[in-house]
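Going by this note's numbering, the sequence shown opens with residue 642, and the numbers climb by one from there. Backbone N, C-alpha and C fix where the C-beta goes; we use that ideal spot for every residue, glycine too. This report concerns only the one structure given below.
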Amino acid sequence: MKFSFVRTRTALAGVLVLALLGGCATGPNADPRDPLEPFNRSIYSFNEGVDRAVLKPVAQVYNDALPSPVRTGVRNFFNNLADAWTAVNAVLQLRGQAAVESFFRVQVNTVFGLGGLIDIASDADIPRHREDFGKTLGRWGVPTGPYLVLPLLGPSTIRDTAALPVDTWGNPVSHLDDHGARYGLYGLRIIDARAQLLRASNVLEEAALDKYSFTRDIYLQLRGAKDYNGQAEDPDAQPAPARAQ
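What follows is the structure, given as structure tokens:
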């Protein structure tokens, strides 16, 4: 059915929340942002196995088989869809400039960029913003909660996991009635996203690093989660709008 993917993600979020309520594994050296580190590391290892066996090889074939202009067009197409959802979230966050710029990006790229395949807006110096419902919740004071690694989906937090069903609904692809086209586009998006990370992942694998900790710290920094209670949610944000008394 049309919203089966949304319901699947909602169920996944519920299962993970129950796992959290089951107890937190802590220790003297535990990162306060990551009280479920043993659980998260097990999921991370599972995801790494899937990546090595399936995603990375497919992404490498994708990179080798398709010329760069084609891959760029695919990337631009999905970025254009993301810009539309960014515009909605920027409105919800009362960020007028980001909302207007994102709206015009979608209009320019859709009309003049062959449905978003060509990024005309960037050539016209219209900046891209990245907003989602997780950041919208943070804008309105919802803390990130603990760091969480989701099966197959990767790094997240309790807040971002709760926002997944809404973000999925906000993706125009989820509203396609043709199941084959819908899941085909989902798959293409995943492969393209993994292909973009090939060079970075190769560097990470060659470095003498704890990949789990490195990935966690980068994700939390990008999401603006500086501590367990969600302080400094968005490092480049304006002060949150005043709430009605």
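Boundaries of the beta strand (DSSP E) in which residue i is found, first to last residue
i, result
"residue 798", "795-798"
Sheet register partners of residue i (DSSP bridge)
i, result
"residue 789", "797"
Nearest-angstrom Cα separation, counted from residue j out to residue i
i, j, result
"residue 795", "residue 687", "10 Å"
"residue 684", "residue 793", "8 Å"
"residue 840", "residue 676", "31 Å"
"residue 850", "residue 818", "44 Å"
"residue 842", "residue 834", "12 Å"
"residue 707", "residue 716", "12 Å"
"residue 664", "residue 783", "Reliability fails at residue 664, whose pLDDT of 46 lies under 50, so the model's placement of it is uncertain and no value is given."
"residue 844", "residue 853", "14 Å"
"residue 704", "residue 743", "29 Å"
"residue 701", "residue 825", "18 Å"
"residue 821", "residue 830", "14 Å"
"residue 695", "residue 837", "16 Å"
"residue 709", "residue 816", "29 Å"
"residue 858", "residue 672", "10 Å"
"residue 767", "residue 804", "27 Å"
"residue 758", "residue 745", "16 Å"
"residue 856", "residue 699", "22 Å"
"residue 753", "residue 678", "47 Å"
"residue 797", "residue 739", "24 Å"
"residue 780", "residue 765", "29 Å"
"residue 806", "residue 848", "35 Å"
"residue 748", "residue 734", "21 Å"
Closest Cα partner of residue i within the set the options
i, options, result
"residue 674", "786, 715, 781, 741", "786"
"residue 725", "857, 859, 812", "812"
"residue 827", "747, 738, 718", "718"
"residue 771", "844, 711, 782, 864", "864"
"residue 697", "832, 845, 857", "832"
"residue 721", "814, 806, 845", "814"
"residue 778", "748, 732, 695, 765", "732"
"residue 750", "680, 691, 714", "714"
"residue 788", "690, 689, 862", "862"
"residue 689", "859, 858, 860, 846", "846"
"residue 760", "804, 806, 723", "723"
"residue 891", "848, 808, 801", "This structure gives no information on residue 891, because the portion of the chain shown stretches from 642 to 886."
DSSP three-state assignment for residue i, whether helix, strand or coil
i, result
"residue 672", "coil"
"residue 734", "coil"
"residue 816", "helix"
"residue 771", "coil"
"residue 783", "coil"
"residue 761", "helix"
"residue 754", "coil"
"residue 714", "helix"
"residue 728", "helix"
"residue 848", "coil"
Host alpha helix (DSSP H) of residue i (start-end)
i, result
"residue 835", "820-837"
"residue 863", "852-864"
"residue 682", "678-691"
"residue 766", "Per DSSP, residue 766 belongs to no alpha helix (DSSP H) and is neither H nor E."
"residue 702", "697-706"
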